[in-house]
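Here the protein sequences line up with chains P and F, keeping their order. Residues are numbered in the numbering used here as their position in the first sequence, beginning at 1, plus a constant of 595. Residues are numbered in the numbering used here as their position in the second sequence, beginning at 1, plus a constant of 9. All C-beta atoms in this analysis are idealised placements derived from N, C-alpha and C, irrespective of residue type, glycine included. So the structure is just underneath, and the comments pick up after that.
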Amino acid sequence: MTYLPKRLVIEAAVADTALVRRILDCYSRLPVDWVERLDAEESALGDGQALEVAGFRGRFIKVCPGTRSYLCCGYQILHLGTQCSLGCTYCILQAYLSGRNLRLFANLDDMWLELMEHLRSSPRKVHRLGTGEFMDSLLLDPVTRLSRELIPFFADQPRAVLELKTKTANVELLEGLSHGGRTIVAWSLNPQDLIQSEEPGAAGLEARLEAARRCQEWGYRLAFHFDPLIACPGWQQGYTEVVNRLAATVDPERIAWISLGTLRFMPALKEIIRRRHTGSALLHEEFVPGLDGKLRYFRDLRVEMYRHLSTLLRRLSRDLLIYLCMESEDIWREALGFSPAERGGLSAMLDSRVPS
Amino acid sequence: MAEPHLEPIPLAAIDWQDTSCLITYGPLPDTLRRSIQAVGLLQIPLLQGRQHGRFRIVAGSRRLLICRELGLEPVTCQILHESLSPEACLRLAVYDNVATRVLNPVEKSLVLAKMLASLPRPQVIGEFMPLLDLEPSSKLLSRYLELQRLEKDMLDALADGTLHERTASALVPLAPSDRRALSALFGEFSFSVSVQEEIIELAVEIGRREGMAPAEVLKADAIAALRREQKRPARHRAEEIRRYLQGRRTPRLTARWERFLRETQELGLPSHVRLVPPPYFEGPHWRLECTFQSGKDLARVLQAVAVMAEQPEFQTVLEGHSIS
C-alpha cells in the first residue's frame with residue numbers, strides 16, 4: 596500500500612533535512628511548491644491531494660487528549676504528523692482537522708531532543724508512546740523510513756515502549772531491526788465487510804493479520820484494537836470470525852494488549868459522514884450523547900458488544916490484557932466484571948506489560 | 010456620467026420583465042397600498058434608463074406595481090444613467106431596501122444569490138451578510154442560497170413567516186414529496202422550530218435505516234390515528250407524535266426508559282419522592298428528589314428510602330441488567 600500524493604508542499608526552512616531528502620527521492624516526479632511557511636488558511640482548504648512537509652513549532656510529545664468522565668489509558672503521543680488518506684468513514688480527524696492534506700513534520704532533530712529529554716526527565720515513570728493518534732503510524736513509513744530510527748532508539752530505552760498503530764500492511768522496513776521487545780506493532784481490526792464499506796483505503800483483514808504474523812515472527816509483540824466496534828446487522832458473527840482468524844494467525848501469548856471501544860464521535864462528525872460517505876450505514880444505529888458530549892451507542896448495546904468480544908478473546912489466552920477505551924467504571928464492571936481501580940488503575944495495568 | 014434626474018415616466022415604458030435588480034418577494038403589503046391611495050407616492054422609485062426609451066426598475070418595484078394596480082400614472086421617478094453597471098444598480102437596490110424595512114428570508118436569499126453573481130464570495134459574506142442581519146459565515150451563506158431550491162408554496166410560507174428559515178433549511182435536502190408531507194404535519198400542529206428540526210431529523214434517520222422515504226414514515230398507523238383524533242387537544246397529540254418518532258428512532262433507550270418507569274412503580278417509593286436516572290442512563294450518578302414539610306418529615310422519608318435502597322429490587326433499577 597503506497598501513498599501517492601499529486602504534489603508536495605514543502606516549507607523552505609526544512610529543505611535541508613534528511614526527511615525532506617527521502618521524500619524528494621521517493622516522489623521525484625511530483626511537482627513541488629516551496630513555500631516560506633505553510634499558510635494555515637490554505638491548508639485548511641487542502642483537498643487531500645498534497646503532502647505537506649513543515650517544521651513543527653509545538654510540543655512533539657503530548658498526552659492523549661482522552662475525554663473527561665471516562666477512563667483513559669494514559670497513552671502519550673509522539674506527534675510526527677497529521678491526517679490520513681485511508682478514508683475511514685468514521686475517522687475523527689475529518690472533524691478534528693480542517694485540512695485534508697497529510698502533513699509531516701521534518702524538524703526531527705528537535706523531536707529527538709524533546710523525546711530524549713522527556714524520557715530522561717522521568718526515568719522511573721513507564722512511558723507508553725505511540726505515533727498513531729493523529730495519523731496512521733505506518734502509512735507513510737515506506738517514504739519516511741522513520742521506523743528504522745524510532746525502533747532501534749526505543750530498544751535502548753528502559754521503561755519505555757513504542758506502539759505503532761496501523762490499518763496498513765506496511766511492515767517491510769521493520770524486518771531485521773533491533774527492537775529489544777520495546778516496540779509493539781498494533782492493528783485496528785474489523786470484519787472484512789465493514790473494512791470494505793467503512794475503511795475503503797485500508798488493508799484488508801487478511802493482509803493486516805498476515806503483517807501481524809510477520810512482525811511476530813520477527814520477535815515483535817503485538818497489540819490489537821477493536822476500535823471502533825461497529826454495530827451493523829450480524830456484528831456478532833462478524834467479530835467472532837475476526838477473533839477466530841486472529842487466533843489462527845498469531846500467537847495470543849505474545850499479544851501485549853487488546854483494546855475494545857465502540858463507535859463514538861463528536862456531533863460535528865455526523866454531518867460530515869452524511870455528506871462525504873453517502874452510502875455508509877454507520878449512522879443507522881441509535882446514538883446518545885455521552886458524558887463527554889460525544890455520541891455513543893446506548894449503554895446496553897455497548898455492554899453487549901464488550902461482553903461478546905471479551906468472552907471470545909479470553910478463550911485465546913488466560914493472560915490476555917483486555918481493556919476498554921474511554922468507558923466509565925460502571926460499564927467496565929458491567930461488561931468485564933471488574934473496574935480498573937481494583938487492579939491499580941488502567942495505566943498501571945498497561946504499564947505492567949512494559950518490560951522493565 | 011450624467012447625474013440622476015427626476016422624470017415623469019409612463020408605466021408602459023417600464024420593462025416589467027427585467028428582474029435583474031428585483032429583490033422583493035411576497036404579496037404587496039396592504040399598508041403600502043392604503044398609503045399610496047391616500048397620499049400618493051412619498052418615496053420616489055429608482056429606475057435606470059435603457060435602450061429605446063425603456064426603463065429598468067432598480068428600487069421601488071412594489072410601489073410601481075401598486076401604482077399600476079391603481080391606475081396612477083405617469084409616476085415621477087429618479088432616473089439613473091444607462092452606463093451604470095448592473096452590480097452598482099443592484100447594490101443601490103439592496104441599500105435602498107434595507108434602509109426602510111427588514112427583508113424576509115427569501116429576499117435575503119435573493120440578495121445573496123444576485124450579489125454572488127458579480128462579487129467574490131468573501132465580499133458577499135463580509136459586506137452583505139451583516140447588512141442583512143446575518144452572521145457572516147460561509148456555511149450560513151450556503152444555507153441561504155439553498156433556500157432557492159424550495160417550491161413556490163414553501164417560499165411563500167417562508168416569506169410570510171409561517172415557515173421558519175431553520176425549518177426550511179432542514180427541508181431543502183429532501184425530495185419535494187417529503188417536504189410536502191412534513192410541512193403538512195407542521196401546518197396541523199404547532200411544534201416549536203427546534204422540535205420541527207428534530208422531527209425532520211427523526212423522519213429522515215428512521216427512513217434511512219428502514220429503507221423508506223420520510224413521507225412514508227409519517228404515514229405510520231400511530232401517527233395517522235393521532236392526526237384523526239380531532240377531539241383531543243392538538244398539543245397533546247403533537248407531543249405523542251414526537252414521542253412515537255423518538256421511540257422508533259431510539260428503541261433501546263425507549264425500552265430502557267419504559268423498564269425504568271415500570272420498575273420504579275413496582276418499588277413503591279414514598280409519595281413526594283422521585284428517582285431520576287442519569288441523562289440517557291449514561292454514567293453512575295442518579296438523583297433522588299423529594300419534597301418535605303419539616304425535619305421530621307424529611308427524616309421519615311429518608312428512612313423509608315434507606316430501607317428500600319437495601320432491597321434487591323432497588324439494585325435492579327440501578328443496574329442495566331437486562332441485556333437483550
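- The beta carbon of residue 253 of chain F sits closer than 6 Å to those of 231, all from its chain and outside the five residues before and after it, given in chain order.
- Inclusion of residue 604 of chain P and residue 650 of chain P in the CB contact set at 7 Å is not warranted, their separation being larger than that value.
- Rounded to whole angstroms, the Cβ separation of residue 793 of chain P and residue 875 of chain P is 6 Å, and the two are in contact under 8 Å.
- The beta-carbon of residue 323 of chain F is placed no less than 7 Å from the nearest beta-carbon of chain P.
- Residue pairing by DSSP puts residue 17 of chain F in a beta bridge opposite F:85.
- In the structure shown, residue 687 of chain P falls within a coil segment according to DSSP collapsed to helix, strand and coil.
- Using a Cβ-Cβ cut-off of 8 Å, residue 262 of chain F is close to 881, 883, 893 of chain P, given in chain order.
- Counting of Cβ neighbours within 10 angstroms places residue 117 of chain F among the buried residues, the total reaching 16 or more.
- In the three-state reduction of the DSSP assignment, residue 648 of chain P falls in the strand class, which pools E and B.
- Only those residues of the stretch 291-303 of chain F whose C-beta falls short of 7 Å from the nearest C-beta of chain P are listed: 291, 292, 293.
- Residue-level contact by beta carbon holds for residue 886 of chain P and chain F, with a gap shorter than 7 Å.
- Under the DSSP definition of a beta bridge, residue 884 of chain P partners with P:890.
- Under the 8 Å Cβ criterion, the stretch 94-108 of chain F counts as touching the stretch 59-73 of chain F, having at least three qualifying pairs.
- For residue 923 of chain P, the nearest beta carbon of chain F is closer than 7 Å to its own beta carbon.
- Against chain P, the beta carbon of residue 259 of chain F has neighbours under 8 Å at 881, 883, 893, listed in chain order.
- Looking at the DSSP output, residue 818 of chain P bridges to P:781, P:852.
- Taking the CA atoms as reference points, residue 278 of chain F sits about 7 Å from residue 314 of chain F.
- Within the stretch 893-914 of chain P, 893, 894, 895, 896, 898, 899, 902 place their CB atoms closer than 9 Å to a CB of chain F, listed in sequence order.
- At least one C-beta of chain P is nearer than 7 Å to the C-beta of residue 218 of chain F.
- Counting along the chain, residue 751 of chain P sits inside no beta strand (DSSP E), nor does DSSP assign it H or E at all.
- In the three-state scheme derived from DSSP, where H, G and I count as helix and E and B as strand, residue 698 of chain P is classed as strand.
- Chain P has no Cβ within less than 7 Å of the Cβ of residue 153 of chain F.
- Judged by their CB atoms, residue 598 of chain P and residue 735 of chain P are nearer to each other than the 7 Å cut-off.
- Residue pairing for residue 621 of chain P: DSSP places it in no beta bridge.
- Close to residue 664 of chain P, with beta-carbon spacing below 7 Å, are these residues of chain F in chain order: 292.
- Of the candidates F:94, F:128, F:135, F:141, the residue whose Cα lies closest to the Cα of residue 114 of chain F is F:141.
- Non-local beta-carbon contacts of residue 713 of chain P in its own chain, meaning distances under 6 Å to residues more than five positions away in sequence, involve 656 in chain order.
- Around the beta carbon of residue 58 of chain F, 16 or more other beta carbons lie within 10 angstroms, which makes this residue buried.
- In the DSSP assignment, residue 142 of chain F falls outside any beta strand (DSSP E), carrying neither H nor E.
- In the displayed model, residue 739 of chain P falls within a helix according to three-state DSSP.
- An exposed status is given to residue 658 of chain P, since fewer than 16 other beta-carbon atoms sit within 10 Å of its beta-carbon.
- Here residue 772 of chain P is not near residue 726 of chain P, since their CB atoms are 7 Å or more apart.
- Our two residues, residue 624 of chain P and residue 614 of chain P, have alpha carbons roughly 17 Å apart in a direct line.
- With fewer than 16 other beta carbons inside 10 angstroms of its own, residue 839 of chain P counts as exposed.
- Closer than 7 Å at the C-beta level to chain P, one finds no residue of the stretch 229-255 of chain F.
- Runs of the alpha helix (DSSP H) spanning 4 or more residues and lying entirely within the stretch 13-75 of chain F occur at 39-48, in chain order.
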